[in-house]
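Enquirer:
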Amino acid sequence: MYDPLNDSTLPAKASRVGYWTSHSVEWPTPAEQLPKKTDVLVIGGGYTGLNAAIESREQGRAVTVIDAESLAWGCSTRNAGFVMKSTGRLGLKHWYDTLGPQGAKAMAAEHQAALERIRTQVQHCPDQCDARDGGYIKLAHNPGAVKALKEQYDFLRSIEQPVSWLTQRDVADKLNTAHGFAGLKFDDCFAINPIKLAASVARQAQKAGATLVEQCTATAMTQVDGGWQVQTSQGVIVAHSVLFATNAYTTQRLFPKLARRNLPVVSSIIVTPPLTQAQLDATRLSDHYAYMDTRVLKYYFRLLPDNRLLFGGRGAIRGADADDPRYAKRLLAALHASFPALQGISQWEHFWSGWVSVSLDDYPRVMSLDKNVYASMGYCGAGVSFSSLAGKRLAEKACNIALPDLPYYQSELKPFPFAGFRRLGQWAFYHYGRMKDKWG
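Quick note: the sequence shown, position 429, residue 429 per full-length UniProt numbering, numbers continuous.
(1) Could you pull out every residue in the same chain whose Cβ sits closer than 6 Å to the Cβ of Y409, ignoring the five residues on either side in sequence?
(2) Rounded to whole angstroms, what is the Cα-Cα separation between R314 and L297?
(3) Counting only runs of 3+ residues fully inside the stretch 284-318, write out the beta strand (DSSP E) ranges in chain order.
(4) Taking three-plus beta-carbon pairs below 8 Å as touching, is the stretch 128-148 in contact with the stretch 287-303?
(5) Consult DSSP for A131 and reduce its assignment to one of helix, strand or coil.
(6) Are the Cβ atoms of R261 and L41 separated by less than 8 Å?
(7) In or out: I401 buried (at least 16 other Cβ within 10 Å) or exposed?
(8) Helix, strand or coil, according to DSSP, for K138 in the structure here?
(9) Strictly by DSSP, which residues pair up with T232?
(10) Is it the case that the Cβ atoms of T251 and S8 are separated by a distance below 8 Å?
(11) According to DSSP, simplified to helix, strand and coil, what is S8?
(12) Using the Cα positions of R393 and R253, report the straight-line distance between them to the nearest angstrom.
(13) DSSP has S376 in a bridge; who is on the other side?
(14) With H, G and I counted as helix, E and B as strand and the rest as coil, what does DSSP make of H124?
(15) Quick check: what's the CA-CA separation for C129 versus T21?
(16) By the DSSP assignment, the alpha helix (DSSP H) with H336 in it spans what residues?
(17) Please state whether DSSP places A390 in a helix, a strand or coil.
(18) On the DSSP bridge assignment, give the partners of Q223 in chain order.
(19) Tell me the DSSP bridge mates of L184?
(20) Might you give, ordered along the chain, the residues of its own chain that have their beta carbon closer than 8 Å to the beta carbon of L389, omitting 5 neighbours on each side?
(21) Give the secondary structure of W348 by DSSP, where H, G and I count as helix, E and B as strand, and everything else as coil.
(22) Tell me, which residues are paired with I269 by DSSP?
(23) Opposite I66 in the DSSP bridges: which residues?
(24) For the stretch 185-198 against the stretch 83-90, do three or more pairs of beta-carbon atoms, one drawn from each stretch, fall closer than 8 Å, so that the two count as touching?
(25) Mind checking which residues open and close the alpha helix (DSSP H) that includes residue 443?
(26) Please check the pair Y374 and P364, which I expect to be a contact at CB under 8 Å, by giving their CB distance rounded to whole angstroms.
(27) Touching or not, the stretch 84-100 and the stretch 164-183, by the rule of three or more beta carbon pairs under 8 Å?
(28) What does DSSP give as the partner residue(s) for A191 in the beta ladder?
(29) Taking the straight line between their C-alpha atoms, what separation do you get for S241 and G227?
(30) Can you tell which of G354, D287, L332 and G74 has the C-alpha that lies nearest to the C-alpha of R318?
(31) Which residues in the same chain have their Cβ closer than 7 Å to the Cβ of V224, if we skip the five residues on either side of it in sequence?
(32) Of the choices V63, G134, T87 and E26, whose alpha-carbon is the least far from that of L303?
(33) Opposite K105 in the DSSP bridges: which residues?
(34) Which class does S22 belong to by DSSP, given the choice of helix, strand or coil?
(35) If you compare alpha carbons, which of S56, A316 and L197 is closest to W73?
(36) Could you name the residues of the same chain whose beta carbon sits closer than 7 Å to that of L149, not counting the 5 residues immediately before and after it, in chain order?
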């Protein structure tokens, strides 16, 4: 698999991968030629880039979106479809302690705006992107995790967030799992088919007047009078503003100021064959809910509308190893440990991976990097809802529209120190996480 820390370009004409690609969706017809000039050039055609294009058009700018692969080839079509009211790795308690009650309230409002933006976009999809609206449940994976989870619930209730507490018996009523000692239910979160959302937003962007160009790799940038000259695999384009919407897939060489700003991390997913009625009865799985646990190295899962079980977690460290079946076997073993009633499932039907952008300080940024150069990245694996709003904010920033006075928009991502050793640090963290999850 393409590795953004090691590979200078993405593979030519690589196919989309994973379970979601088995669904029929209508993609817009891309432009046959790259324009010679545009007001706004968006690099990256996923959720962030497409939403940046829509907002740029609303501001009256001519906008061109280029993607080195097909539109939304990256994590916009590889994720699990969890639409959560958060982003990054820091909860509202952190922002309450850091910013005070009003600051935390403002952060919560921004997360709510992201969630509602996705709800609105889902309504434009003919079948509402197969949305399942039952909520997201965070499971205490062992007895020791219950106290911290309950404290999180108590805090969220104190600031009037729509959450519910599930005792171990409550969890058992919904789910027969070996790792469900309590649960925190986020009532207004939901799950979708991410490829249907991506295709729908792409159609919206084209309808708004954006030029969409696939198989167009940006290879070099030069500052010129009035903006930037960008060399691509399809020729040269001059833009007043350049917006990077490549997140974890950002190459290290195109724009050096982005090179050390994030750690691309592999997240992998397996999807089982359809569960039998006996297996459904034994596990009590329902497609109403999306689940994640409290481990350091988290697992996440949901029953899909066709009764297949999606189960995901950490993958390889290097892109070169991402497709190795041993990582799928690890996920299957974790699935068996969570659901002893599914020991009879010996194989997966789908296995794929994608890159997650982890920031040094655990929260994303929409930032200015140079004159008329902007970027949004660092969602830390929680980007389905926020990336859409971040795309809008990215375009607003490029149009000199004041953004909300929130940490996401106030500074650049901090560069990783000793960036060449990021993967070594990741390896060490994984070993720590395994020990913590097993013994802590």
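Glycine residues also receive a C-beta, built at the ideal position from the N, C-alpha and C atoms.
Expert: Result, derived from the coordinates:
(1) V366 and L403
(2) 7 Å
(3) 290-293, 300-303 and 309-314
(4) yes
(5) coil
(6) no
(7) exposed
(8) strand
(9) A218 and G235
(10) yes
(11) coil
(12) 25 Å
(13) V366
(14) coil
(15) 13 Å
(16) P325 to S338
(17) helix
(18) W228
(19) K138 and W165
(20) N51, E110, A113, A114 and R117
(21) coil
(22) G312 and W352
(23) I43 and V213
(24) yes
(25) There is no way to answer for residue 443, as the model of the chain reaches only from 1 to 440.
(26) Not confirmed; about 13 Å, so no contact.
(27) no
(28) F82 and R132
(29) 6 Å
(30) G354
(31) V238
(32) G134
(33) DSSP output for K105 lists no bridge partner at all.
(34) helix
(35) L197
(36) K138, A140, A182, L184 and T294
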